[in-house]
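**Q**
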Amino acid sequence: MNIQYIESLKCLSVSELRKEALHHRERNELQKAEIAFSYGMEHFPNELDQYGHPTFRKELMRMLLNQREWRRSTALIPVDTEIGGSVWFEVLFARAYTQANDIDNARNWWQRIRQHPEAKEWLEKNDLKSKVSNQLMVNTQHSS
4 MNIQYIESLK CLSVSELRKE ALHHRERNEL QKAEIAFSYG MEHFPNELDQ YGHPTFRKEL
64 MRMLLNQREW RRSTALIPVD TEIGGSVWFE VLFARAYTQA NDIDNARNWW QRIRQHPEAK
124 EWLEKNDLKS KVSNQLMVNT QHSS
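The working numbering applies: residue 4 is where the sequence shown begins, and numbers increase by one.
(1) Between the Cα of Thr42 and the Cα atoms of Leu51, Arg117, Tyr8, Met66, which residue gives the shortest distance?
(2) Just the C-alpha distance for Leu51 and Glu127, rounded to the nearest angstrom, thanks.
(3) If you reduce the DSSP assignment to three classes, tell me which class Leu15 lands in.
(4) Compare the Cα-Cα distances from Ser11 to each of Ile38, Arg30, Leu25 and report the closest residue.
(5) Does DSSP classify Pro120 as helix, strand or coil?
(6) Please report the Cβ distance between Phe96 and Leu68, rounded to the nearest whole angstrom; I am assuming they are in contact, meaning their Cβ atoms lie under 8 Å.
(7) Assuming contact is defined by CB atoms lying nearer than 8 Å, are Arg115 and Pro81 in contact in what I supplied?
(8) Please name the residue or residues paired with Leu51 in a DSSP beta bridge.
(9) By DSSP, does Ala36 sit in helix, in strand, or in coil?
(10) Give me the Cβ distance between Asn129 and Arg98, rounded to the nearest whole Å; I'm assuming they're in contact under 8 Å.
(11) Measure the alpha-carbon distance for Leu20 versus His119 and round it to whole angstroms.
(12) Does the separation of the CB atoms of Phe40 and Val17 fall below 8 Å?
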């Protein structure tokens, strides 16, 4: 199936390939989505989305992060951040760890981009939660 599917991707334009990959991801056909995103990464590495980020790499990373495939997602972090910058993948990782309720890893990623508006909001909210939680622990210990 994979070889036939890859062959069918060869005749698609960049925009058609992107639509194809997104369509499969939305339908939870993750194997086909991954093949299409990977094909796009290989054949159109400089294709950027409306934010200037590498389209196929970003969407494949987003899909893998949603599946909590941390190692595979990390392998997609670009070595050369000249194309698209670096903040895009840091935001994706921070959001994914937040969604997974892994606060320590989320905090680590948000702190890397603390000037990003979403990071500022998250850090302020969670630092306040930590302070309140710590104060509750102190109060509980003193009342024992």
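No residue lacks a Cβ here, since even glycine has one placed at the ideal position from N, Cα and C.
For clarity, every value in this text was computed on a predicted model and none was experimentally measured.
**A** Result, derived from the coordinates:
(1) Contrary to the premise, residue 42 reads as Tyr rather than Thr in this sequence. Of Leu51, Arg117, Tyr8, Met66, the smallest CA-CA separation from Tyr42 is found for Tyr8.
(2) Computed Cα separation, rounded: 32 Å.
(3) In the three-state scheme derived from DSSP, where H, G and I count as helix and E and B as strand, Leu15 is classed as coil.
(4) The shortest Cα separation from Ser11 among Ile38, Arg30, Leu25 belongs to Ile38.
(5) Looking at Pro120 - three-state DSSP - the assignment turns out to be helix.
(6) Contact between Phe96 and Leu68 is confirmed by a C-beta separation of about 7 Å, below the 8 Å threshold.
(7) Not a contact, by the Cβ cut-off of 8 Å.
(8) According to the DSSP secondary-structure assignment, Leu51 is paired through a beta bridge with Pro57.
(9) The answer is helix: DSSP assigns Ala36 an H, G or I state.
(10) The beta carbons of Asn129 and Arg98 sit about 14 Å from each other, so the pair does not count as a contact at 8 Å.
(11) Taking the straight line from one Cα to the other gives about 31 Å.
(12) When the beta-carbon positions are compared, Phe40 and Val17 stay at least 8 Å from each other.
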